[in-house]
Amino acid sequence: MSLAVLTVIVASLMAPQRLPGQPGEPDARVAGQVVDALSRAPLPGATVVLTPIGPGLPPPVAYTPQAVTDANGQFVFQRVFSGRYQLQAQKPGFAPLTGLFEQRTLDIAAGQSITGLELALQTGAVIAGRVVEASGRPFFGVTVSALRQTAGPDGRTIATTAQMAQTNVAGEFRLASLPEGNYVVIAAPMPPPPFAPAVSETVLAPTYYPGTPDKDAAQVIAVGSAQTVNGVQFSMVSLAAHQVSGVLVDEAGSPLAGAIVMLMIDPKRGGSPTPASGLTDENGRFQIGGIVPGTYRVTAGMSSLPPGPPVEGGSAGAARRVTGGVFVRDTRLSTTPPGITPLEITVENADITDLRIVVSTGK
Numbered sequence: 000m001s002l003a004v005l006t007v008i009v010a011s012l013m014a015p016q017r018l019p020g021q022p023g024e025p026d027a028r029v030a031g032q033v034v035d036a037l038s039r040a041p042l043p044g045a046t047v048v049l050t051p052i053g054p055g056l057p058p059p060v061a062y063t064p065q066a067v068t069d070a071n072g073q074f075v076f077q078r079v080f081s082g083r084y085q086l087q088a089q090k091p092g093f094a095p096l097t098g099l100f101e102q103r104t105l106d107i108a109a110g111q112s113i114t115g116l117e118l119a120l121q122t123g124a125v126i127a128g129r130v131v132e133a134s135g136r137p138f139f140g141v142t143v144s145a146l147r148q149t150a151g152p153d154g155r156t157i158a159t160t161a162q163m164a165q166t167n168v169a170g171e172f173r174l175a176s177l178p179e180g181n182y183v184v185i186a187a188p189m190p191p192p193p194f195a196p197a198v199s200e201t202v203l204a205p206t207y208y209p210g211t212p213d214k215d216a217a218q219v220i221a222v223g224s225a226q227t228v229n230g231v232q233f234s235m236v237s238l239a240a241h242q243v244s245g246v247l248v249d250e251a252g253s254p255l256a257g258a259i260v261m262l263m264i265d266p267k268r269g270g271s272p273t274p275a276s277g278l279t280d281e282n283g284r285f286q287i288g289g290i291v292p293g294t295y296r297v298t299a300g301m302s303s304l305p306p307g308p309p310v311e312g313g314s315a316g317a318a319r320r321v322t323g324g325v326f327v328r329d330t331r332l333s334t335t336p337p338g339i340t341p342l343e344i345t346v347e348n349a350d351i352t353d354l355r356i357v358v359s360t361g362k
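Right under this line is the structure:
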């Protein structure tokens, strides 16, 4: 065999092989313009994102092309894989005409050149104000969220987080680039450090403007395009702190030691995305303190941490009555995706004890 033939064979073996269902060469092209919805003027400096959503494409974490519009608001994507995508545009100070994103769905064929696309953005609204303590002193480091209210398919109101910001040393916040619509504003303190024991009988609660923990009593703020609403000032509310405790077991009823149990506030309420958490002891028991009334999603997962300190009361094998006004939709939780079945609990005006969480370990 000649050296030339051997070189060709080696090169062929070393070349990346396309897997079944994998897209072909990235030879498509997508181009367009981002404009101001009112003046129709081009918007330079806008970020345009092409997110893959169809089967056979690399996952978004590995392949999400982005482009920045030029002085004429033009953007172009070269060498795009065929498939289905969502095309989104965003620019600081601007907002989509509908929803929370200006986007459209594209089905791109191999070798296709799509041109003349137009994405329109409108000048965003602003809600600005201040969060203070009961004494009137500014509250620093509070997470403030603007929750946009829309009607769901069943007629019920759906609240979606449109923007988030933290208060500065003067307690001030500014929620910008908001689409026109109706909003409620909520402020939430950061939760205590992970696994920290409860040290107080009261804790600061997520608080809606004008100063209530009740979302139904929140004041709705209506904003239009380019409108600024100032003077949204309110105080944080303190509520009695409760404790959630229980046991984490596998399908066979064996305790799971050294696992992390987390309580995540209902995302429709807004506030900090950081969950409150507890670490199970050698008997699989856990307790999480400093919990205010509300609905929480419970998740659990194994960790490399050693088991936590012993938690008094109960035993891992005892499936006793859950107390404290808890509504459990599902007492089975899978920690191995896909097919996670969330466990939701509602804390009312008492501690929740002997909560039993069954985790599918996939064995």
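Taking numbering that gives the first Met the number 0, the leading residue of the sequence shown gets 0, the next gets one more, and so forth.
Don't be surprised by glycine CBs; every beta carbon is placed ideally from N, CA and C.
Item	Value
Hey, which unbroken runs of the beta strand (DSSP E) at 3 residues or more fall wholly within the region 186-266?	201-204, 220-222, 227-234, 236-239, 241-249 and 258-264
Taking the CB atoms as reference points, tell me whether I52 and Q85 lie closer together than 8 Å.	yes
Taking the Cβ atom as the reference point for each residue, do P25 and R103 lie within a distance shorter than 8 Å?	no
Looking only at its own chain, which residues have a Cβ that is under 6 Å from the Cβ of A45, when we skip the five neighbours before and after it?	V33, T68, A88 and K90
Mapping the DSSP letters down to three states, classify T160 as helix, strand or coil.	strand
Identify, in the order they occur along the chain, each residue of the same chain with its Cβ nearer than 6 Å to the Cβ of A225, setting aside the five sequence neighbours on each side.	T122
Beta strand (DSSP E) containing R284: first to last residue?	R284 to I290
On the three-pair Cβ rule with 8 Å, is the region 200-208 touching the region 159-171?	no
For Q111, does the three-state DSSP call read helix, strand or coil?	coil
Is the region 288-296 close to the region 237-245, with three or more CB pairs under 8 Å?	yes
Excluding five sequence neighbours on each side, which residues of the same chain lie with their C-beta closer than 7 Å to the C-beta of A164?	V143, F172, R173 and L174
What separation, rounded to the nearest whole angstrom, lies between the Cα atoms of G82 and L42?	27 Å
Checking the sheet assignment: what are the DSSP bridge partners for S144?	M163 and I185
Ends of the beta strand (DSSP E) at G277?	A275 to L278
Indicate whether at least one CB of chain C lies closer than 8 Å to the CB of V358.	Looking for chain C here will not work: only one protein chain is present.
Which stretch, first to last residue, makes up the beta strand (DSSP E) that contains G31?	A27 to D35
Apart from the five residues just before and just after Q148, which ones in its own chain have a Cβ nearer than 6 Å to its Cβ?	T156, A158 and N181
If you follow the beta strand (DSSP E) that L86 is in, where does it begin and where does it stop?	G82 to Q89
L120 and A145 look like a contact to me (Cβ under 8 Å); what is the Cβ gap, rounded to whole Å?	Actually they are not in contact, since the Cβ atoms of L120 and A145 sit about 18 Å apart, beyond 8 Å.
State yes or no: is the C-beta of T298 within less than 8 Å of the C-beta of M263?	yes
Assign D353 to one of three DSSP states: helix, strand, or coil.	strand
Beta carbon of V109, beta carbon of G23: below 8 Å?	A quick correction: the sequence has Ala, not Val, at residue 109. Closer than 8 Å, so yes.
Taking the alpha-carbon positions, what's the A36 to L177 distance?	15 Å
By Cβ distance below 7 Å, which residues in the same chain neighbour A40 in space, the five residues on each side in sequence not counted?	V34
Going along the chain, which residues of its own chain have a beta-carbon closer than 8 Å to the beta-carbon of A70, five neighbours each way excluded?	P41 and P43
Could you tell me the alpha carbon to alpha carbon distance between P254 and P274, rounded to whole angstroms?	23 Å
Going by DSSP, which residues form a beta bridge with R103?	L86
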